[in-house]
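Student:
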Amino acid sequence: MIPACPLAALPRGEALRLETDPPIAVFHTEDGELYAVDDTCTHQDASLADGWLEGCEVECPLHASRFDLRTGEVDAPPAKLPVRTHQVVVKDETIYVVPSELPPNLPPGVRTGSA
Amino acid sequence: MNSVAIVGASLAGLSAARALRAQGFGGRLTIVGAEPHRPYDRPPLSKEFLAGRMTAADLALEGDGEDLGAEWRLGVAATGLEPGGRLRITLSDGSAVEAEGVVIATGAVARTLGSELAGVHTLRTLDDAAALRADLEAARRLVVVGAGFIGAEVACVARELGLDVTIVEAAPAPFARALGPEMGTALAGLHEDHGVRLICGATVRALTGEGRVDGVLLEDGRRLEADVVLVGIGARPAVEWLEGSGVEIGDGVLCDAGGATNVPGVVAVGDCAAWFDPAVGTHLRVEHWTGAARRPATAAQTLLSGGAAVPGSLAPPYLWSDQYGMRVQFAGHTLPGDEVSIEEGDLASRRFLAVYRREGRTVAVLGIDQPRSFTRWRRRVNEPVAAAR
Ligand SMILES: Cc1cc2nc3c(=O)[nH]c(=O)nc-3n(C[C@H](O)[C@H](O)[C@H](O)COP(=O)(O)OP(=O)(O)OC[C@H]3O[C@@H](n4cnc5c(N)ncnc54)[C@H](O)[C@@H]3O)c2cc1C
Ligand code: FES
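One line per chain: the protein sequences are L and F, in this order. Under this note's numbering, the residue at position 28 of the first sequence is numbered 34, and the numbers go up by one with no gaps. Under this note's numbering, the residue at position 336 of the second sequence is numbered 373, and the numbers go up by one with no gaps.
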């Protein structure tokens, strides 16, 4: 479990990028839900934390594919693969991420430091 | 509607096919494409593919196992459209396709300087990109004619490959048509930082050489040596085949704000189409990826609903470009006289966000390596004045 930040430090409508390997984006939706997905878009090297959060979806800042934060599914090209999702836990007013054990869907040319 | 034919098997055509199926069209679907290839993505042709970081297989637009239940007629071009109760499309192999609905998605063709010399290239197709790549590998000096996005991206890749690069532009400033002169000049600085020579306000008199190009002669008498020349002077809509069809043509196929042409049952999408844009008050032919991918959903709705224009506003045109690792993003439409202000970053660092305003209204936004703030500013383009900050 990775500590992300105090709950109070991530207001609704905001996103946080964790410098994990690969990086993880944590979102706090307007409805108060917390979600975490891989920060790197599955199409190219863009940070989803920089994207546009609307409902439970984030729109990639570069080419506007939208990812469902609950499932990681993508709605429309150019991205074709879902983004990997991670579990979020809030304990003692702190946000934690439980990283997924599945392999990530990183875009061509982007590698994890260990791979 | 029981049958639809889509002419043009690239981004706009494929997106139209997907949209028709997604909107419940279960009839016969025929997709005609002049190129022999399955639909592929063009933006990487001047970027990762040209640089050798992506292969032809990486360019596929279709998903693995994607099946739209369509009959694909690839490698044949449409040669004519005959209107009537059933629309009839004649094909280059002598056959014809009949359908109740037609989607025109024939895109655009690169403009040329009419030179037959070897080493002179344009860049529009996969085959063009492969030929250009092969020539760049053996060359020392590249001259790019035309400072537009494709030319600029090729210049980047050529610098990466160690070539000496000169860009020649007829207008007083580069990228001026898309970005306006001020921001065009700002972006040009990025190229100069990377050792590209930029000559503006110069027209090309001739490409010289015997059999193979060896230089570019300018109107003012200057001569630039070149082993390879890329002509990047824009593209014209591929609409010749519609001559005599009754479909109204201006700069591209003229459409209303829902993609309908003047001929019932015929819509047009992508680079070949000039949709009426209510925010700008004219027909605008938009030659960017996002429009070719997204507008077909609207056009499909128009076609299936029987031609009534779908009301609502169009998303502002959006383009991106990658230059020297910088993300260039632009949304909206700028006209001479727009006021431009830098809202974030600064010109000197080459990383900034610029906002274009006309009569107080935000009409366009440019971001250089500012994806986060661009994403937010982009949403304010064409907002009514009162709502804008
Ligand atoms: C090198 C390059 C780089 C680009 N980079 C960017 C970028 O970074 N960002 C961006 O936003 N946009 C970019 N674009 C633009 C983007 O690729 C286009 O907007 C998009 O391809 C338009 O799709 P389309 O389907 O309308 O047309 P096209 O992709 O041009 O496809 C039209 C298809 O129709 C076929 N056709 C033509 N005539 C006929 C006929 N008579 N019968 C049958 N078939 C026919 C053609 O062979 C072609 O396959 C780039 C374009 C190029 C060429
Ligand atoms: S990088 Fe995300 S859609 Fe292209």
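Every residue, glycine too, gets a C-beta built ideally from N, C-alpha and C.
Are the beta-carbon atoms belonging to F/V306 and F/P333 less than 9 Å from one another?
Tutor: yes
Student: Taking contact to mean 3 or more Cβ pairs, one atom from each stretch, closer than 8 Å, check whether the segment 213-229 of chain F and the segment 373-386 of chain F are in contact.
Tutor: Three or more Cβ pairs closer than 8 Å define a contact, and the segment 213-229 of chain F meets that threshold against the segment 373-386 of chain F.
Student: Please list, in chain order, the chain B residues whose beta carbon lies closer than 8 Å to that of L/H69.
Tutor: The chain labelled as chain B is not found among the protein chains of the depicted structure, namely L and F.
Student: Does any C-beta atom of chain F lie closer than 9 Å to the C-beta of L/D56?
Tutor: Closer than 9 Å: yes.
Student: If the cut-off is 8 Å on Cβ atoms, which residues from the segment 21-49 of chain L count as contacting chain F, listed in chain order?
Tutor: none
Student: Are there 16 or more other CB atoms within 10 angstroms of the CB of F/E420, so buried, or fewer, so exposed?
Tutor: When all chains shown are included, F/E420 counts as exposed.
Student: If you drop the 5 nearest sequence neighbours on each side, which residues of the same chain put their C-beta closer than 8 Å to that of F/R58?
Tutor: Short of 8 Å from the beta carbon of F/R58, and not among the five residues preceding or following it, lie these beta carbons of its own chain, in chain order: L66, L105 and G106.
Student: Using a Cβ distance threshold of 8 Å, determine whether the segment 158-166 of chain F contacts the segment 317-324 of chain F, with at least three qualifying pairs required.
Tutor: No contact exists between the segment 158-166 of chain F and the segment 317-324 of chain F.
Student: What does the shell around ligand 3 hold, if a residue joins when its beta-carbon is under 6 Å from any heavy atom?
Tutor: With respect to small molecules bound, the structure shown includes ligand 1 and ligand 2 and not ligand 3.
Student: List the residues of chain L that F/M38 touches, going by C-beta distances under 7 Å, in chain order.
Tutor: Simply none; closest approach about 23 Å.
Student: Assign F/A49 to one of three DSSP states: helix, strand, or coil.
Tutor: helix
Student: With hydrogens ignored, establish whether the beta-carbon of F/G281 is closer than 8 Å to any heavy atom of ligand 1.
Tutor: no
Student: When you compare the CB positions of F/V304 and F/A337, do they come within less than 9 Å of one another, or not?
Tutor: yes
Student: Touch check for the segment 111-118 of chain L and the segment 63-77 of chain F: three-plus C-beta pairs under 8 Å?
Tutor: no
Student: Just the chain L side, please: which residues come within less than 7 Å of F/V116 by C-beta, in chain order?
Tutor: Before going on, a small fix: residue 116 of chain F reads as Thr here, not Val. Under the 7 Å cutoff, chain L gives no residues; its nearest Cβ is about 30 Å from F/T116.
Student: Cβ atoms of F/S152 and F/L51: under 9 Å apart, would you say?
Tutor: no
Student: Do three or more CB pairs link the segment 267-284 of chain F to the segment 88-96 of chain F at distances below 8 Å?
Tutor: no
Student: According to DSSP, is F/L96 part of a helix, a strand, or is it coil?
Tutor: Reduced to three states, the DSSP call for F/L96 is helix.
Student: Would L/K97 pass as an interface residue toward chain F - the criterion being a Cβ-Cβ separation below 9 Å?
Tutor: no
Student: Mind checking the segment 104-118 of chain L against chain F and listing, in chain order, the residues whose C-beta falls within less than 9 Å of any C-beta there?
Tutor: Correct list: P114 and G115.
Student: Do F/V146 and F/S129 come within 9 Å of each other at the CB atom, strictly closer than that value?
Tutor: no
Student: Give me whichever residues DSSP pairs with F/A401 in a beta bridge.
Tutor: F/G369 and F/Y393
Student: With a threshold of 8 Å (Cβ to nearest heavy atom), would F/P80 be considered close to ligand 1?
Tutor: yes
Student: Helix, strand or coil: which one does DSSP assign to F/R426?
Tutor: For F/R426, the predicted model reports a pLDDT of 44, less than 50, meaning its position is unreliable and no value from the coordinates is stated.
Student: Taking 8 Å as the line, does the beta carbon of F/A114 fall inside it for any heavy atom of ligand 1?
Tutor: yes
Student: Please list, in chain order, the chain L residues whose beta carbon lies closer than 8 Å to that of F/F411.
Tutor: P67
Student: Is it the case that the CB of F/G64 approaches a heavy atom of ligand 1 more closely than 8 Å?
Tutor: no
Student: With 9 Å as the threshold, decide whether the Cβ of L/A14 is near any Cβ in chain F.
Tutor: no
Student: Specify whether the segment 192-212 of chain F and the segment 281-298 of chain F touch according to this definition: at least 3 beta carbon pairs, one from each stretch, less than 8 Å apart.
Tutor: Too few Cβ pairs lie closer than 8 Å, so no.
Student: Buried or exposed: F/K84, going by 16 or more other Cβ atoms within 10 Å of its Cβ?
Tutor: buried
Student: Does L/A52 have its Cβ less than 9 Å from a Cβ in chain F?
Tutor: yes
Student: Flag F/L267 as yes when its Cβ comes closer than 8 Å to any non-hydrogen atom of ligand 1, and as no otherwise.
Tutor: no
Student: Mind pulling the chain L residues with CB within less than 7 Å of F/M91?
Tutor: P114
Student: How should F/R426 be labelled, buried or exposed, when 16 other C-beta atoms within 10 angstroms of its C-beta is the threshold for buried?
Tutor: Legend: pLDDT at F/R426 = 44, less than 50; position of this residue unreliable, value from coordinates given subsequently. So F/R426 ends up on the exposed side.
Student: Drop a sphere of 10 angstroms on the beta-carbon of F/Q60, count the other beta-carbons inside from all chains shown, and report buried for 16 or more, exposed for fewer.
Tutor: By the 10 Å Cβ count, F/Q60 comes out exposed.
Student: Counting only C-beta atoms, is L/P83 closer than 9 Å to chain F at any point?
Tutor: yes
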